Amino acid sequence: MKRLFFALWPEQNIKQQCATLTGKLNLTGKPVSEANLHVTLLFLGSIYPEQQTVLTKEAGKLPAPLMTLTFDRLSFWKKPGVLCLTASQFDQSVSILHENLTSIAKRQRIAVEDRPFKPHVTLVKKVNSVIDLDFAPILWRSNGFCLVESCSGANGVEYRIIERWPASY
Ligand code: 3AM
Numbered sequence: 001m002k003r004l005f006f007a008l009w010p011e012q013n014i015k016q017q018c019a020t021l022t023g024k025l026n027l028t029g030k031p032v033s034e035a036n037l038h039v040t041l042l043f044l045g046s047i048y049p050e051q052q053t054v055l056t057k058e059a060g061k062l063p064a065p066l067m068t069l070t071f072d073r074l075s076f077w078k079k080p081g082v083l084c085l086t087a088s089q090f091d092q093s094v095s096i097l098h099e100n101l102t103s104i105a106k107r108q109r110i111a112v113e114d115r116p117f118k119p120h121v122t123l124v125k126k127v128n129s130v131i132d133l134d135f136a137p138i139l140w141r142s143n144g145f146c147l148v149e150s151c152s153g154a155n156g157v158e159y160r161i162i163e164r165w166p167a168s169y
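Numbering (UniProt numbering), first residue to last: 1 to 169.
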């Protein structure tokens, strides 16, 4: 079984903007490495190879438009102890993609979270204080989505992109 999730993966310039912002925060905590920055579209959990095959096939049939998200806020989520970039504005197509992926997962009897979808980029983990900082919004233009494996190793978690679906319009 593999631990999988659907995600938006940043281009290099977005990674850099996020890393620069994290650098300015001057926070105690564990910054997410540039390589691991992402927006989770849907967390799937442990998935059998047969389920993965169907998920991949079904995801490939979904409309994948270009999507824009404006990440303009810092949010401290106390319970998980994370500091995230959140988007006050994002295209409706992002929510539609999340809903479509949820439907595909449910058809495979995968227990997915029913919490409202809040696109975010986790910047720092193990944070225990709120932070406030003015910063220039980060405009994330997504040119597709992907299926990612979460691998835990001696050096922490590593994310591996298994499949990419480029934006088709
Ligand atoms: O996008 P973020 O960083 O919030 O927290 C995990 C990370 O989310 C989340 O999936 C992303 C890739 O690992 N995650 C991990 N376990 C989860 C679970 N059981 C989970 N999300 C929901 N339920």
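Just so it is clear, CB atoms sit at the ideal spot from N, CA and C, and this is done for glycine as well. Treat the numbers as computed from the prediction; the structure is a model and nothing was measured.
Over what stretch of residues does the alpha helix (DSSP H) that includes residue i continue unbroken?
i, result
"S103", "92-107"
"P49", "49-59"
"L25", "12-25"
What whole-angstrom Cβ distance do residue i and residue j have, given they're in contact under 8 Å?
i, j, result
"I138", "Q17", "5 Å"
"T86", "F71", "7 Å"
"M1", "S33", "Contact flag wrong, Cβ pair sits at about 25 Å."
"L25", "V121", "Not quite, the Cβ-Cβ distance comes to about 13 Å (not below 8 Å), so this is no contact."
"L74", "L133", "6 Å"
"I104", "L55", "6 Å"
"L101", "L41", "6 Å"
I'd like to check one pair, residue j with residue i: are the Cβ atoms closer than 7 Å?
i, j, result
"P116", "L69", "no"
"W165", "I14", "no"
"T22", "P31", "yes"
"S88", "M67", "no"
"L147", "I131", "no"
Taking residue i as part of the beta strand (DSSP E), name the residues at either end of that continuous run.
i, result
"D72", "67-77"
"T122", "120-125"
"I138", "138-142"
"P63", "Element bounds for P63: n/a, residue is neither H nor E."
"L37", "Segment: none, L37 is in no beta strand (DSSP E) and carries neither H nor E."
"L8", "2-8"
"P166", "156-166"
Let me check understanding here. Comparing Cα to Cα, which of the options lies closest to residue i?
i, options, result
"F90", "N36, T102, P65", "P65"
"A35", "N143, V157, S168, A167", "V157"
"V82", "S95, T53, S129", "S129"
"E149", "D114, T20, F43", "F43"
"A136", "T20, F5, R3, F6", "T20"
"I110", "S142, K79, Q51", "Q51"
"F145", "D114, H38, K79", "H38"
"V127", "A59, Y48, K79, K57", "K79"
"Q108", "P49, C151, P63, A154", "P49"
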